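In the numbering used here, the protein residues as written are 3 to 325.
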């Protein structure tokens, strides 16, 4: 008897965090229902990541673990684009996308299974590092072009909420939706890529956030709890791209006739203000302001690029690849 999880591939993107990756692979190997594939995209790590991946090969059935190493670091966006492609090439019907700093709960696939009968794009819930519930709830405000948080009360009596945003720390997407909207856009490098990808999917199907815990966050970060959301520290690279990539968000919105230029400009200003608040409240510094400004300015080049096109749909269904 077949199940919705029978051809589910887990796509993991990793870069120089072998200890965290080992914990994640250990949790994947202990799942009550084994995944169809575990695709690890190594973003040109310079630590012992390749050896760690190979050390887990015997923990999975033959051919399940796929070690896909890239020649250069393409960022999370490039890694998830490649991971999705490889998973579909191997014949996956679902792709579960996740960073290397989470742990999969043993019953995760069983908890997802009934929801997979109903929705084509899913997010489950996560525990924070300390074991408390980590609230990720975000929905794009179409006028501002920014995802705004909502509370756990947004779950309806059936245990789910419909959204139009997403995160690659646990997005589960069906292969036919990937073929329709294309692969995740590697040009983002990091930041906004997952939110836009779920937004694109929401143009064709419902994107659901379900009240089922499936992951636990493992990486400790400086953060403050604002009630409606947690605000973590971020790297200079992330600061730069969170502002630069606003231009990519706007280009996708415009492509689908959903861009309100006045509202989007206001949303960009609010994003800048949020990032400055992050610097002051979480990182106790203003040193990153210049990086934010540079990212905002560099986004203008993307706006002016007449050759820009969105990621294309996958015109043909990928075939089953070799292990």
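Note that CB positions come from ideal geometry on N, CA and C, so glycine has one too. Since we're looking at a predicted model, the values are computed, not measured.
- Taken in chain order, the unbroken stretches of beta strand (DSSP E) that lie wholly in the region 205-290 and span 3 residues or more are 209-219, 225-227 and 232-234.
- Under the three-state reduction of DSSP output, residue 199 falls in the helix class.
- Proximity to residue 309 across 74, 262, 269 and 253 peaks at 253, based on C-alpha coordinates.
- Around the beta carbon of residue 289, fewer than 16 other beta carbons lie within 10 angstroms, which makes this residue exposed.
- Here the C-alpha atom of residue 237 lies approximately 14 Å from the C-alpha atom of residue 286.
- For residue 100, the three-state secondary structure derived from DSSP is strand.
- When DSSP states are grouped into helix, strand and coil, residue 160 belongs to the coil group.
- For residue 302, the number of other beta carbons within 10 angstroms of its own is below 16, and it is reported as exposed.
- With a minimum length of 3 residues, the unbroken runs of beta strand (DSSP E) contained wholly in the region 123-193 fall at 123-129, 140-143, 148-151, 162-165 and 173-176.
- Distance between residue 204 and residue 185, taken at the CA atoms: about 15 Å.
- Taking the Cβ atoms as the reference, residue 217 lies roughly 6 Å from residue 106, within the contact range of under 8 Å.
- Excluding its 5 nearest sequence neighbours in each direction, residue 273 has C-beta neighbours in its own chain below 8 Å: 148, 244, 245 and 248, listed in chain order.
- Assigned with DSSP and collapsed to three states, residue 86 falls in helix.
- According to the DSSP assignment, residue 11 belongs to no alpha helix (DSSP H) but to the beta strand (DSSP E) extending over 10-16.
- DSSP places residue 60 outside any alpha helix (DSSP H), giving it a letter other than H or E.
- Assignment of beta-bridge partners to residue 67 by DSSP yields 40.
- The beta-carbon distance between residue 69 and residue 42, rounded to whole angstroms, is 6 Å. This is short enough to meet the 8 Å contact definition.
- By the criterion of at least three beta-carbon pairs nearer than 8 Å, the region 79-95 is in contact with the region 5-23.
- A Cβ-Cβ distance of about 6 Å is found for the pair residue 219 and residue 136, placing them in contact under the 8 Å criterion.
- Cβ-Cβ distances below 6 Å link residue 257 to 312 in the same chain, with the five nearest sequence neighbours on each side left out; the list follows chain order.
- If the five residues before and after residue 208 are omitted, its C-beta is found closer than 7 Å to the C-beta atoms of 121 and 164, all from its own chain and listed in chain order.
- Check the Cα spacing between residue 77 and each of 110, 191, 266 and 305: the tightest is with 191.
- Inclusion of residue 34 and residue 100 in the CB contact set at 7 Å is not warranted, their separation being larger than that value.
- The C-alpha of residue 162 is placed about 15 Å away from the C-alpha of residue 173.
- Looking at the DSSP output, residue 106 shares a beta bridge with 217.
- When DSSP states are grouped into helix, strand and coil, residue 294 belongs to the helix group.
- Taken through DSSP and simplified to helix, strand or coil, residue 5 comes out as coil.
- Between residue 40 and residue 67, the C-beta spacing is below 7 Å.
- For residue 49, no alpha helix (DSSP H) encloses it, and the DSSP letter there is neither H nor E.
- Counting only the Cα atoms, residue 264 lies some 42 Å from residue 22.
- Across the set 125, 160, 156 and 201, the C-alpha of 201 shows the shortest separation from the C-alpha of residue 142.
- Where residue 20 is concerned, the enclosing alpha helix (DSSP H) starts and stops at 20-31.
- Rounded to the nearest angstrom, the gap between the Cα atoms of residue 133 and residue 125 is 18 Å.
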